[in-house]
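There are 2 protein chains.
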Amino acid sequence: MNEMRPIRAKSGTNQEGASAHNRRVMIDALRVNGQLSRADLARATALTKQAVSNIIEDLERDGLVASLAAVRKGRGQPSTPYRLVPEGAFAIGLQIDRHMTRTIAVDLVGAVLARGEANLPAGGPERGTETILWLIDKTRRELAEVAPQSKDRLVGLGVAMPGPFGIDTDPADPWMMALWQRFPLSETLAIGTGLDVRLQNDSAAAATAEKLVGAAHGLDQAICIYVGYGIGAGLILDGELYRGANGNAGEIGMILSRPENGTEDQRAPLEHRASIASLCKILDRDPADPELYRHLDDFAAASDARIAAWITEAAYELRRAVQILETIFDPQTIVLCGGMPPGLARLLIDAIHPLLPSIAERRTRSAPRLQLGFTDPWAVAIGAAAEPISRTFDPSFSAILKTRSVGSG
Amino acid sequence: MNEMRPIRAKSGTNQEGASAHNRRVMIDALRVNGQLSRADLARATALTKQAVSNIIEDLERDGLVASLAAVRKGRGQPSTPYRLVPEGAFAIGLQIDRHMTRTIAVDLVGAVLARGEANLPAGGPERGTETILWLIDKTRRELAEVAPQSKDRLVGLGVAMPGPFGIDTDPADPWMMALWQRFPLSETLAIGTGLDVRLQNDSAAAATAEKLVGAAHGLDQAICIYVGYGIGAGLILDGELYRGANGNAGEIGMILSRPENGTEDQRAPLEHRASIASLCKILDRDPADPELYRHLDDFAAASDARIAAWITEAAYELRRAVQILETIFDPQTIVLCGGMPPGLARLLIDAIHPLLPSIAERRTRSAPRLQLGFTDPWAVAIGAAAEPISRTFDPSFSAILKTRSVGSG
DNA sequence: GAAATAAGTCAAGACAATTGACTTAATAAG
DNA sequence: CTTATTAAGTCAATTGTCTTGACTTATTTC
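Keeping their order, the protein sequence lines are chains A and B.
18 is the number of the first residue of the first sequence in my numbering; add one for each residue after it.
18 is the number of the first residue of the second sequence in my numbering; add one for each residue after it.
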């Protein structure tokens, strides 16, 4: 009789939401600008001096900000600048990448305080989570040694692994990522660690790292292309990471760059030509080889012909990807990052130049069209750790809104 | 001495911002769900019954919502549903498209109440604005006849014209769009009409129309591909139109789909193969011909061989564009719209199928991967008119924040 | 007819920002 | 050296909007 169609509506907000937003705005402003006085903050955020004063007092009591020595800068009472207190918050990051897993602990300003690494046992998520929980625990204990305050100030666990999620990926893949992608990982880890857990794909994590402490720091419109075992893009739009309807936005590895001509190999998606997986295939190397990173560095330094061939192919694809992303997003910059040695990354980004013409070619640019970001194999793990910091302290639309009684996903 | 670097920070908010947001949320909920009781609204927005009651009372007094007859739906007191009042607000839209200009007047629910059309005189913006101001005035008077309340309830003027903006476009283009794109149009029209003016490109306007009253109604993640004289995409991300760093996001016409192989013609951007401009070239027709629309319809009905050739080429490009957009955005749906006869649009969308494989191929889909939107030549003008409505009444992050003293652009 | 359920109101309370006057501490001008 | 000016920051009262919890009203179910 009554069809009981669910009502679709956005969430409302109240003073609490506004207040939470204002605190985030203060922290964000201090993060981006280094140090600011209360008066600076009032001007920059359009709030009154008094409101800022109250909020800063609060944040100081909470141990998130601290004052510096007063500075005289002209007429009037000297101002007292404030800065973020690194020990104000901590977070753990977890990266799952086929055969191995890494953990990282960071503080409020993104400094790395502990790290751990382990091989994942064969047998998929059920057995893997044991290893993971052990590794997380080890990292937490390590962190507690360096920073005893961390016990009460851990804001969450960020998890990064290759996407896409919720899709029927190749069931024959040897790393059983499909199994991982279907496994209720967040829930299991939330129970196992008692922490707030959120999952993102590895390129989103890389972008989160670039935003917090890397090339995209302080930028509101940036695209991070992440070249790892696969390839993906982390989309920072209006200052927030964009997830898409199903959390799979930015999975550009699946783009069919030449869908209807050429050999079957050429018809394959972008990922088959611009990724470490494809490089390993050319080099006939096992991607699981723990020495791979060093080997790639050697190959790159030795100007190996196969490396050069891969670079040509990958650069061709990336050049087009850059042009497409610039055209679609009109970003302030594009950051190329990835889990490869800096030497190799340098060769790759050089080979991508000169860039194709696009609307990004404008006279007044403050950031380069394409720049190199993190090429640390730990970058994704750092980004995973940065996610809870960002989720907890960065201003965002969703942070203002009242939360629904029962979560939807 | 003091380098005086500008402080970068996001804006704070206060009760006023929260309240404004809540009112917008109510209006949005009523727009999407048709009619809702106060209790429904309270549940859907996570606000208290009391808060909703106060807000609805306000909105009713402001003439934006009205109650309907009470309905019994089970145990308990019958509920009183509320609906939007179409006469609650009005807006004017202006489309500038090379040789001509169109105006539209809409009400709060997006119904068209008046329209006007005129040819633009040669001579560029200086002379053109005279015609435009005259046309807007004519439309306002027409609107006032149909809806006298409109005089006090006009919320703004939305302007749509081809992008990209701020780029040195081809100076030889015969329509002098480059001149228009550099002309301070918003300022001139704001002074000339006394209205709040905002400018967007035509594909963004088409997307705004689809969001308010079209295929993207109530969707938070949707991409609208607009095929007009050129081609572009309007990006609806998290319920808001995405503009990019310089307002040029979605200008996909500039994508070099085959940048390095083939003839010079094949190397040309997407726009040269999938646009009405390219179709006119094939048909050897003047794009400025006022009868073009009817002719295209005839050609399509007659299965003209040149039309078929264009459709094959355009469909090839669009098939790839759809796959790229799906892969990058992971949207709920993609809407194909454009200023062409429905028959032709139907042929085109059919030719695009079957779609290329992508992450959008998931078992549970509520909306089709690709669907047909407005194919009315007035769609962009309607979207232009919808923009002030959306700007004034849709929930958005920026609407919550306090405004800075002096705008930035 | 009584109990249960749901919509909606009333009145008091809480909270976070605003307002405007005030204090403090520096430089600039005479 | 004194006074005016400027700017940072505080104090105390006010404001506006949402929340809370009790209450009223209207309907169905038992």
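Even glycine gets a Cβ: it sits at the ideal position worked out from N, Cα and C.
Spatial neighbours of residue i in its chain, beta-carbon cut-off 8 Å, leaving aside the 5 residues before and after
i, result
"residue 161 of chain B", "167, 168"
"residue 43 of chain B", "58, 62, 69, 72, 73, 76, 82"
"residue 145 of chain B", "113, 118, 137, 138, 197"
Per-residue burial, residue i [other beta carbons within 10 Å of its own, 16 or more giving buried]
i, result
"residue 94 of chain A", "exposed"
"residue 147 of chain B", "exposed"
"residue 53 of chain B", "buried"
"residue 35 of chain A", "buried"
"residue 308 of chain A", "exposed"
"residue 424 of chain B", "Confidence at residue 424 of chain B is low in this model, with a pLDDT of 31, below 50, so its placement is unreliable and the value that follows should be read with caution. By the 10 Å Cβ count, residue 424 of chain B comes out exposed."
"residue 28 of chain B", "buried"
"residue 406 of chain B", "buried"
"residue 320 of chain A", "exposed"
"residue 197 of chain A", "buried"
"residue 66 of chain B", "exposed"
"residue 114 of chain B", "buried"
"residue 420 of chain A", "exposed"
"residue 85 of chain A", "exposed"
"residue 383 of chain A", "exposed"
Beta-ladder partner(s) of residue i, from DSSP
i, result
"residue 132 of chain A", "A:121"
"residue 355 of chain B", "B:244"
"residue 54 of chain B", "B:98"
"residue 420 of chain A", "According to DSSP, which records beta bridges pairwise, residue 420 of chain A is partnered with nothing at all."
"residue 349 of chain B", "Per DSSP, none; premise fails for residue 349 of chain B."
"residue 88 of chain B", "B:96"
"residue 218 of chain A", "A:178"
"residue 112 of chain B", "B:119, B:177"
"residue 82 of chain B", "B:101"
"residue 253 of chain A", "A:239, A:258"
"residue 388 of chain B", "B:352"
"residue 171 of chain B", "B:107"
heavy atom of the ligand ZN below 8 Å from residue i C-beta
i, result
"residue 142 of chain B", "As for the ligand ZN, it is missing from this structure, which has no ligand bound."
Own chain, CB closer than 7 Å to residue i, minus 5 neighbours either side, in chain order
i, result
"residue 411 of chain B", "41, 45"
"residue 143 of chain B", "none"
"residue 88 of chain A", "95, 96, 98"
"residue 347 of chain A", "376"
Under 8 Å by beta carbon: chain B residues contacting residue i
i, result
"residue 57 of chain A", "24"
"residue 116 of chain A", "Residues of chain B passing the Cβ test: none, with the nearest at roughly 24 Å."
"residue 166 of chain A", "Chain B residues near residue 166 of chain A: none, gap ~27 Å exceeds 8 Å."
"residue 285 of chain A", "Correct list: empty, because the minimum Cβ distance to chain B is about 12 Å."
Beta-carbon neighbours of residue i, restricted to chain B and to distances below 7 Å
i, result
"residue 259 of chain A", "254"
Interface partners of residue i on chain A, CB under 7 Å
i, result
"residue 183 of chain B", "379"
"residue 269 of chain B", "344, 345"
"residue 262 of chain B", "238, 347, 348, 349"
"residue 412 of chain B", "27"
Chain-order list of residues whose beta-carbon lies under 6 Å from that of residue i (same chain, five-residue window excluded)
i, result
"residue 206 of chain B", "214"
"residue 299 of chain A", "323, 327"
"residue 422 of chain A", "Caution applies to residue 422 of chain A, whose pLDDT of 47 falls short of 50 and renders its modelled position unreliable; the value that the coordinates give is listed next. Taken in chain order, the list of residues that qualify is empty."
"residue 417 of chain A", "30, 34, 38"
"residue 199 of chain A", "none"
"residue 163 of chain B", "130"
"residue 296 of chain B", "327"
"residue 335 of chain B", "291, 369"
Contact set between residue i and chain A, taken where Cβ atoms lie within less than 8 Å
i, result
"residue 371 of chain B", "The premise fails here: residue 371 of chain B is roughly 12 Å from chain A at the closest Cβ pair, so nothing lies under 8 Å."
"residue 38 of chain B", "29, 30, 417"
"residue 45 of chain B", "26, 27"
"residue 266 of chain B", "345, 346, 347"
Beta-carbon neighbours of residue i, restricted to chain A and to distances below 9 Å
i, result
"residue 230 of chain B", "Those within 9 Å of residue 230 of chain B in chain A number zero; the least Cβ separation is about 16 Å."
"residue 64 of chain B", "28, 29, 30, 31, 419"
Three or more C-beta pairs below 8 Å linking the stretch 109-120 of chain B and the stretch 65-73 of chain B: no
Is the stretch 249-269 of chain A touching the stretch 313-333 of chain B in the sense that three or more CB pairs, one from each, lie closer than 8 Å? No, the stretch 313-333 of chain B does not touch the stretch 249-269 of chain A.
Pairing CB atoms from the stretch 376-392 of chain B with CB atoms from the stretch 401-415 of chain B, are three or more of them under 8 Å? no
Give a yes or no on contact between the stretch 246-258 of chain B and the stretch 364-374 of chain B, applying the rule of three or more CB pairs nearer than 8 Å. no
Across the stretch 233-251 of chain A and the stretch 215-224 of chain A, are there enough close Cβ pairs to call them in contact, namely three or more that are closer than 8 Å? yes
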